[in-house]
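Quick note, the sequence shown lines up with residues 1 to 318 if you use UniProt numbering.
Please read the structure below before turning to the comments.
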Amino acid sequence: MSSRSKSELNGSSSRAKRTGAVREMEAEGEREGPSFRELCWLVCWPPLPSRIVSKLAFSPSPPSYRLQGDGASGRCGLVLTERADWPHTSSRLDAIDVFLTHTRRGNRIACMHVRASPQAHCTLLFSHGNAVDLGQMCGFYADLAAKLNCNVFSYDYSGYGASSGKPSERNLYADIDAAFQALRTRYGLTPDKVVLYGQSIGTVPTVDLASRYECAGVVLHSPLASGLRVLFPGIARTYCFDPFPSIEKISKVSSPVLVIHGTEDEVVDLSHGLAIHARCRRPAEPLWVEGAGHNDVVLHAQYMERLQRFLTHEVTCA
1 MSSRSKSELN GSSSRAKRTG AVREMEAEGE REGPSFRELC WLVCWPPLPS
51 RIVSKLAFSP SPPSYRLQGD GASGRCGLVL TERADWPHTS SRLDAIDVFL
101 THTRRGNRIA CMHVRASPQA HCTLLFSHGN AVDLGQMCGF YADLAAKLNC
151 NVFSYDYSGY GASSGKPSER NLYADIDAAF QALRTRYGLT PDKVVLYGQS
201 IGTVPTVDLA SRYECAGVVL HSPLASGLRV LFPGIARTYC FDPFPSIEKI
251 SKVSSPVLVI HGTEDEVVDL SHGLAIHARC RRPAEPLWVE GAGHNDVVLH
301 AQYMERLQRF LTHEVTCA
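Here it is as structure tokens:
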């Protein structure tokens with residue numbers, strides 16, 4: 001048989017297999033998501049799901065800042081690079097404290113506190129999204145603090161910015177615990193004076209912390225229901241190997257929760273925000289930003305308006 005005939009035969013066989021597979025799926029009817037067996041195969045092959053999670057969820061970019069001093073005691077100096085892209089002044093930098101703190105998993109994470117004014121009515125503990133760090137976010141934090149008259153406290157996840165270690169799900173939870181502890185001890189705050197704010201992957205540690213501490217309020221900006229649901233939005237249940245299972249923790253949050261999500265989110269489908277909101281014990285009126293994607297929600301006027309109303313009228317910072 002000629003090589004061409006073999007090639008045609010192999011091609012016909014492959015097409016037949018594909019056609020058979022399609023017919024088999026059609027015979028089973030439409031399904032909302034993959035079967036348990038298929039999910040197990042996807043998660044366990046290749047092995048080490050934690051590596052898959054890291055590739056899926058974490059994309060630390062080159063640092064946009066560096067810290068001067070060891071930060072073990074007192075304030076570090078903040079030096080921004082061109083990647084920070086913030087036309088700051090020395091007076092604006094003076095309102096920003098940066099320091100390092102240690103996590104229970106042995107990493108050292110960078111923390112940032114942006115002061116609004118002595119009359120600031122609350123403090124946001126902000127867990128930022130993926131592929132950014134404190135240097136790239138500090139301009140946004142400064143604007144947020146000024147417009148909302150609240151202080152903003154944030155931190156870089158392990159492996160991001162000036163933080164040591166590598167990003168992982170377990171490190172996410174350890175990182176926010178260390179940041180929360182530093183915020184309370186360094187600035188003398190109690191949980192009822194803190195509003196937790198998470199954006200995208202930052203909603204994962206935010207929900208975890210909020211499920212264990214009753215804070216003044218919680219803001220979930222483009223939240224993930226779970227890791228597998230990002231890949232398969234039709235999954236109806238949470239499996240034991242599903243990373244970032246915020247959907248199973250949100251019902252334990254006793255604080256008022258504001259969910260914000262773009263209707264055209266191309267990264268985390270709107271169904272995630274809807275599912276999280278539906279399971280909240282104390283849901284605030286959500287904000288579904290019409291036409292917004294994953295990264296441009298903050299550019300819409302209703303974003304700041306809704307956030308202002310939530311912090312002013314729906315959250316009580318004792």
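For each residue, glycine too, the CB sits at the ideal point set by N, CA and C.
Starting from residue i and walking both ways along the alpha helix (DSSP H), at which residues does that stretch end?
i: H277; result: L270 to A278
i: F99; result: Run containing F99: none in the alpha helix (DSSP H); it sits in the beta strand (DSSP E), I96 to H102.
i: H185; result: According to the sequence shown, residue 185 is Thr rather than His. Element bounds for T185: E169 to Y187.
i: L209; result: T203 to A210
Taking just the CA atoms, how far does residue j sit from residue i?
i: A84; j: Y160; result: 14 Å
i: V267; j: V230; result: 8 Å
i: L307; j: K147; result: 10 Å
i: S117; j: V315; result: 19 Å
i: D97; j: R237; result: 43 Å
i: C111; j: S127; result: 11 Å
i: A275; j: L172; result: 22 Å
i: S64; j: S158; result: 15 Å
i: A57; j: N130; result: 7 Å
i: E28; j: G273; result: Low local confidence applies: a pLDDT of 37 at E28 is under 50, so the model's placement there is unreliable, and no value is given.
i: T203; j: L224; result: 7 Å
i: R92; j: Y155; result: 18 Å
i: F310; j: A284; result: 8 Å
i: G121; j: Y141; result: According to the sequence shown, residue 121 is His rather than Gly. Each residue's Cα considered, the two are about 16 Å apart.
i: T185; j: V79; result: 25 Å
i: L287; j: C280; result: 14 Å
i: M137; j: A179; result: 16 Å
i: E169; j: P233; result: 20 Å
i: G135; j: E82; result: 10 Å
i: P87; j: G139; result: 8 Å
i: L299; j: L144; result: 12 Å
i: Y187; j: V194; result: 11 Å
i: residue 341; j: C317; result: Since the displayed the chain opens at 1 and closes at 318, residue 341 lies outside it and no answer follows.
i: Q302; j: H113; result: 26 Å
i: R66; j: D177; result: 23 Å
i: L270; j: I235; result: 14 Å
Could you tell me how far apart the beta carbons of residue i and residue j are, in whole angstroms, since I believe they sit closer than 8 Å?
i: S61; j: D133; result: 7 Å
i: L196; j: F153; result: About 10 Å; that fails the 8 Å criterion.
i: N151; j: R115; result: 6 Å
i: C215; j: D192; result: 7 Å
Quick one: grab the DSSP three-state call for residue i.
i: S251; result: helix
i: L231; result: helix
i: H88; result: coil
i: G217; result: strand
i: C138; result: helix
i: F58; result: coil
i: Y303; result: helix
i: P46; result: Only weak support is given to the placement of P46: the predicted model assigns it a pLDDT of 49, under 50, and the value that follows is read from those uncertain coordinates. It is coil, neither helix nor strand.
i: L287; result: strand
i: V194; result: strand
i: V297; result: helix
i: L144; result: helix
i: V22; result: At V22 the pLDDT is 33, less than 50, meaning the model places this residue with poor confidence and gives no usable figure here.
May I ask which residues mark the beginning and end of the beta strand (DSSP E) holding residue i?
i: G262; result: V257 to G262
i: I109; result: R108 to V114
i: V152; result: N151 to Y155
i: Q119; result: Note, Q119: premise wrong, no beta strand (DSSP E); not H, not E.
i: T123; result: T123 to S127
i: Y65; result: Y65 to Q68
i: V79; result: G77 to L80
If we count Cβ pairs, one from each stretch, closer than 8 Å, do we get three or more for the region 94-110 versus the region 151-166?
-> Under the Cβ criterion (8 Å, minimum of three pairs), the region 94-110 counts as touching the region 151-166.
Inter-stretch contact (C-beta, 8 Å, three-pair minimum) for the region 290-309 and the region 236-249 | The answer is no - the region 236-249 does not touch the region 290-309, with fewer than three Cβ pairs under 8 Å.
Specify whether the region 253-260 and the region 210-219 touch according to this definition: at least 3 beta carbon pairs, one from each stretch, less than 8 Å apart.
-> Contact between the region 253-260 and the region 210-219 is present, because at least three Cβ pairs lie under 8 Å.
Do the region 259-273 and the region 218-227 touch if we need at least three Cβ pairs shorter than 8 Å?
-> With the cut-off at 8 Å, the region 259-273 and the region 218-227 touch.
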